[in-house]
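Q: One rule links them: number in our numbering = place in the sequence shown (from 1) + 1.
C-beta atoms are modelled at their ideal positions from N, C-alpha and C, and glycine is treated no differently.
Only a predicted model underlies this, so the values are computations on that prediction, with no experimental measurement involved.
Input: one structure, supplied below.
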Amino acid sequence: MKLKIFSFSLLFILIFSLNSCRDFTNTALNLMGSTDTATTIFPAPLGSVSDYEKILTDEQIRSLDSIILQHEKKTKNRISIVSVKSTKPYETLNEYSSELFESWGKNDDGGKNLLIGISEKTNEVEIIVGKGLKKKLSDKESKRIIDKTIQPEIKKGDYYSGLKKGLKKIITEIK
Numbered sequence: 002m003k004l005k006i007f008s009f010s011l012l013f014i015l016i017f018s019l020n021s022c023r024d025f026t027n028t029a030l031n032l033m034g035s036t037d038t039a040t041t042i043f044p045a046p047l048g049s050v051s052d053y054e055k056i057l058t059d060e061q062i063r064s065l066d067s068i069i070l071q072h073e074k075k076t077k078n079r080i081s082i083v084s085v086k087s088t089k090p091y092e093t094l095n096e097y098s099s100e101l102f103e104s105w106g107k108n109d110d111g112g113k114n115l116l117i118g119i120s121e122k123t124n125e126v127e128i129i130v131g132k133g134l135k136k137k138l139s140d141k142e143s144k145r146i147i148d149k150t151i152q153p154e155i156k157k158g159d160y161y162s163g164l165k166k167g168l169k170k171i172i173t174e175i176k
């Protein structure tokens, strides 16, 4: 009899604990997905290439990272590539990338920084240029690189080639 009471009590505590965890998790998820929050919490950069959408292989990430690091050794410019599954709570990749750029402090220290944002899910590509590189790479030129260099490769399903060709074109422009 004592064993049954103990087992029943233990089962009750377990069910209550699991229910509390579920409620806590749902509350946390609701807060994270809420568009009413004053600030958005962005992920920390994973390196020069932050592939949160998993559109690149590890080898491709290393290759792009190597190109970026070689350029950064020769200049004071800093380049980041980020892929994202969702731009929420923002409407567009441009809005998300611009805020991410600021959040990561990419416009600090003279703003010789650049971010390439990409989303397979929304089929968007954006280039966010820091104030220190605006004279070398205008918004018009950025759009041309996206439209003529990156997007044609992406339309073939080759995100890596699009990013690599676009990155090399950008580096040529900002040297």
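1) Compute the distance between the beta-carbons of D52 and I62, then report whether it is under 7 angstroms.
2) If you compare alpha carbons, which of G118, G133 and L70 is closest to V126?
3) Can you give me the Cβ contacts of T88 inside the same chain, cut-off strictly under 6 angstroms, excluding the 5 residues immediately before and after it?
4) So what does L116 bridge to, in DSSP terms?
5) Determine the direct distance from the alpha carbon of S81 to that of S67, and round the result to whole angstroms.
6) Pull up the distance between the alpha-carbon of E100 and that of S64, whole angstroms please.
7) Assuming I155 contacts L115 under a Cβ cut-off of 8 angstroms, what Cβ separation, rounded to an integer in Å, is found between them?
8) List the residues that DSSP assigns as beta-bridge partners of D52.
9) From the DSSP output, in three-state form, read off D159 for me.
10) Check the C-beta distance from S49 over to V85 and give it rounded, since I have them as a contact under 8 angstroms.
11) Within the same chain, show all residues whose beta-carbon is closer than 6 angstroms to that of I69, passing over the 5 residues directly before and after it, in chain order.
12) For T173, name the three-state secondary structure that DSSP assigns.
13) Are there 16 or more other CB atoms within 10 angstroms of the CB of T173, so buried, or fewer, so exposed?
A: The answer reads as follows:
1) Note that the C-beta distance between D52 and I62 is below 7 angstroms.
2) Comparing alpha-carbon positions, the option among G118, G133 and L70 lying closest to V126 turns out to be G118.
3) Excluding positions up to five away in sequence, the list reads L94 and Y97.
4) Note: L116 sits in a beta bridge opposite S81 and I129.
5) Answer to the nearest angstrom: the Cα atoms are 12 angstroms apart.
6) Cα to Cα, E100 sits roughly 26 angstroms from S64.
7) Taking a contact as a CB-CB distance under 8 angstroms, the pair I155 and L115 does not count as one, their CB atoms being some 19 angstroms apart.
8) The partner list for D52 (beta bridge, DSSP) reads S84.
9) Three-state result, D159: coil.
10) About 16 angstroms; that fails the 8 angstroms criterion.
11) Around I69, the same chain offers S49 and I80 as residues with beta carbons nearer than 6 angstroms, after the five sequence neighbours per side are excluded.
12) In this structure, T173 counts as helix in the three-state DSSP scheme.
13) So T173 counts as exposed.
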